[in-house]
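Student: Counting from 0, one number per residue, gives the positions in the sequence shown under numbering that gives the first Met the number 0.
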Amino acid sequence: MKEHRRFNRADYHTKGYFIKNDQEIHFGIINISLNGILVDPDSIEDYTLHMVVPLIIQLSSSDIQIKTTARLVHQENHHFGFRFEEIDVESMIHLRRLVELNSDSADQIAKELHFLNKDDA
Numbered sequence: 000m001k002e003h004r005r006f007n008r009a010d011y012h013t014k015g016y017f018i019k020n021d022q023e024i025h026f027g028i029i030n031i032s033l034n035g036i037l038v039d040p041d042s043i044e045d046y047t048l049h050m051v052v053p054l055i056i057q058l059s060s061s062d063i064q065i066k067t068t069a070r071l072v073h074q075e076n077h078h079f080g081f082r083f084e085e086i087d088v089e090s091m092i093h094l095r096r097l098v099e100l101n102s103d104s105a106d107q108i109a110k111e112l113h114f115l116n117k118d119d120a
């Protein structure tokens, strides 16, 4: 059965972390989209589904960070899926570029941005 996703996922392998109870939980990225991220955390704990946390992505070979607030929407096979809840303009610009450069469907990004904007209205 074919999956139908609204957002293209880009394979991009770098590190990041989210903050829970003043503790940084580090992770490796499995894939990322304009809407969210799938990560492989360094430590597996039982986190509360739907928790909202600050989440920071460190771009490879750069001092640029993407800073967002994200909601844990699923946990499966030691992987966490987060949906981005809030993101500042500068971080969104970096996220868009990252997804464009690492996606097989870069032409779809403008459509996805339009869809995101429509959801916020």
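Each residue gets a CB set at the ideal place from its N, CA and C atoms; glycine is no exception.
What are the uninterrupted segments assigned as alpha helix (DSSP H) that are 4 or more residues long and contained completely in the stretch 19 to 53, given in chain order?
Tutor: The qualifying runs do not exist here; there are none.
Student: From the DSSP output, in three-state form, read off I55 for me.
Tutor: Strand.
Student: Leaving out five residues before and five after L37 in sequence, what residues of the same chain have Cβ atoms less than 7 Å from its Cβ?
Tutor: Result list for L37: I29, N30, H78, G80, in chain order.
Student: Would you report the Cα separation of H12 and G27, rounded to the nearest angstrom?
Tutor: Between H12 and G27, the C-alpha separation is close to 7 Å.
Student: Measuring only the C-alpha atoms, how far is E23 from Y16?
Tutor: Taking the straight line joining both Cα atoms gives about 6 Å.
Student: Am I right that L71 and H49 are in contact with their C-beta atoms under 8 Å? What's the rounded C-beta distance?
Tutor: Contact holds; Cβ gap of about 6 Å.
Student: Here's a check: name, in chain order, each residue in its chain whose Cβ is nearer than 6 Å to the Cβ of Q64, leaving out the five neighbours to either side.
Tutor: Within the same chain, Q64 has close Cβ partners I55, Q57.
Student: Mind checking I86: buried by the 16 CB within 10 Å criterion, or exposed?
Tutor: Burial call: buried.
Student: First and last residue of the beta strand (DSSP E) that includes I92?
Tutor: Run containing I92: none in the beta strand (DSSP E); it sits in the alpha helix (DSSP H), 88 to 101.
Student: For V51, which of L94, T67, L97 has the nearest alpha-carbon?
Tutor: The shortest Cα separation from V51 among L94, T67, L97 belongs to T67.
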